[in-house]
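Written below as structure tokens is the structure these notes are about.
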Amino acid sequence: MDRKFISSPELITISRNEKRGKYKVKSKNVLLYFTGTHNSLMVARMIAEAMSQRELGECEIMPISQFNTKEKLETDSLGIICPVYWFGLPNIVRETVAKMNIKTGTYIYAVITMGSSAGNALPELSKLLEQKQNTLSYGACVKCPDNYTTMLGAQKVQKHKLILEEARKAIKEIASDICEQKENQIPKFHKFTELLFSSQRHSLAGQDKKFYVDETCNGCGLCEKKCPVQNIRMEGGKPLWQHHCEFCISCISYCPQNAIQFGRKTKGKPRYQNPFS
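For what it's worth, the working numbering labels the leading residue of the sequence shown as 776, then goes sequentially.
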């Protein structure tokens, strides 16, 4: 599918065929998101909808993998929406923000989706921006259904519904704050948490060696299309992982056959997909 444009205020979604880092920003308000099972995409869309309702100008939603870090970002506001991974930022978010060139004075906000704790995600992002003479003006966390199938298995559907109801209420309040460009206090960075979990985050790329497909795989290729970092290539009708994995669990969660497994940890476990995205 090609890029989709919706008239003003525009919500622009980038096709999965877009070359990484080649898209030029055209909007006053930009939301960069990273997501595996679309909790963070739900947040981004709700914030964009709130901006549209308040007629705050054109808003652009973009996967963070498509952002061109060589371009200076000349926008009124910048949102970064992503999950917490091992009590910190996903690697792709950390690496992209570190390379960004953001106009001084831009209102920057972040929303972290989480299963239980946001850990150091917000203070880590704040530190990265400070190193570039920018400021994280507003940060919030939203509890969403836990999607970490490789560790826990997905929660029951009824529990998902209750968590998502509360999440959407919270997002509406957060979106209102963002539309008013409110500021708040970002939590302090906890060095002990970083020492405990940073090594796990940095080793994720090679963990995809444990992914495989069982006999129910029909070669549909949806996993390749869904991977937000182009880490899957179909070969001989089967997926091959390319070892730059973010461990977002998108491939496991969206496989229509439940054919993708991770070692012995996922066989027979339920999968989660955000129903609002």
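The beta-carbon is built from N, C-alpha and C at its ideal position, and this holds for glycine as well. As the structure is a computational prediction, the values presented were derived from the model and not from experiment.
So, with DSSP's three-state summary, where would you put residue i?
| i | result |
| --- | --- |
| residue 949 | helix |
| residue 784 | Here the model assigns residue 784 a pLDDT of 34, short of 50, so the residue's position is not dependable, and the following value carries that caveat. Of the three classes helix, strand and coil, the one that applies to residue 784 here is coil, per DSSP. |
| residue 779 | For residue 779, the predicted model reports a pLDDT of 32, less than 50, meaning its position is unreliable and no value from the coordinates is stated. |
| residue 804 | strand |
| residue 825 | helix |
| residue 1039 | coil |
| residue 818 | helix |
| residue 1046 | coil |
| residue 919 | coil |
| residue 904 | helix |
| residue 939 | helix |
| residue 961 | coil |
| residue 789 | With a pLDDT of 38 at residue 789, under the threshold of 50, the modelled position of that residue is not reliable, and the figure given next carries that caveat. Correct three-state label for residue 789: coil. |
| residue 1051 | coil |
Just to confirm, is the Cβ distance from residue i to residue j under 7 Å?
| i | j | result |
| --- | --- | --- |
| residue 907 | residue 850 | no |
| residue 1007 | residue 1016 | yes |
| residue 959 | residue 884 | no |
| residue 854 | residue 895 | no |
| residue 1053 | residue 837 | With the chain running from 776 to 1052 in the structure shown, residue 1053 is simply not present. |
| residue 760 | residue 877 | Any answer about residue 760 is impossible in this case: the structure gives the chain only from 776 up to 1052. |
| residue 1028 | residue 879 | no |
| residue 859 | residue 823 | no |
| residue 1034 | residue 983 | no |
| residue 868 | residue 888 | no |
| residue 842 | residue 881 | no |
| residue 886 | residue 839 | no |
| residue 809 | residue 898 | no |
| residue 981 | residue 1018 | yes |
| residue 1036 | residue 1042 | yes |
Relative to the alpha-carbon of residue i, which residue among the options has its alpha-carbon at the smallest distance?
| i | options | result |
| --- | --- | --- |
| residue 987 | 1038, 958, 1006 | 1038 |
| residue 819 | 894, 935, 915 | 915 |
| residue 890 | 879, 934, 911 | 934 |
| residue 902 | 962, 847, 985, 830 | 962 |
| residue 1032 | 1013, 993, 869 | 993 |
| residue 1051 | 940, 905, 840 | 940 |
| residue 828 | 1040, 947, 1010, 905 | 947 |
| residue 834 | 1042, 846, 805 | 805 |
| residue 1004 | 1026, 1013, 952 | 1026 |
| residue 826 | 1011, 1012, 1014, 951 | 951 |
| residue 1040 | 1014, 846, 985, 873 | 985 |
| residue 956 | 996, 911, 944 | 911 |
Roughly how far, in whole angstroms, is the beta-carbon of residue i from the beta-carbon of residue j, given that I think they are within contact range, below 8 Å?
| i | j | result |
| --- | --- | --- |
| residue 998 | residue 1030 | 6 Å |
| residue 920 | residue 938 | 5 Å |
| residue 844 | residue 821 | Actually they are not in contact, since the Cβ atoms of residue 844 and residue 821 sit about 26 Å apart, beyond 8 Å. |
| residue 831 | residue 954 | 6 Å |
| residue 866 | residue 1021 | 6 Å |
Inset, instruction - Jot down the residue ranges of each uninterrupted alpha helix (DSSP H) in the region 846 to 902, minimum 4 residues, whole runs only, in chain order. - result: Complete alpha helix (DSSP H) runs here, min 4: 866 to 874.
Inset, instruction - Identify every run of the beta strand (DSSP E) within the region 982 to 1035, keeping only runs that are complete inside it and at least 3 residues long; order them along the chain. - result: Entirely contained in the region 982 to 1035, the beta strand (DSSP E) runs reaching 3 residues are, in chain order, 986 to 988, 1007 to 1010, 1013 to 1016.
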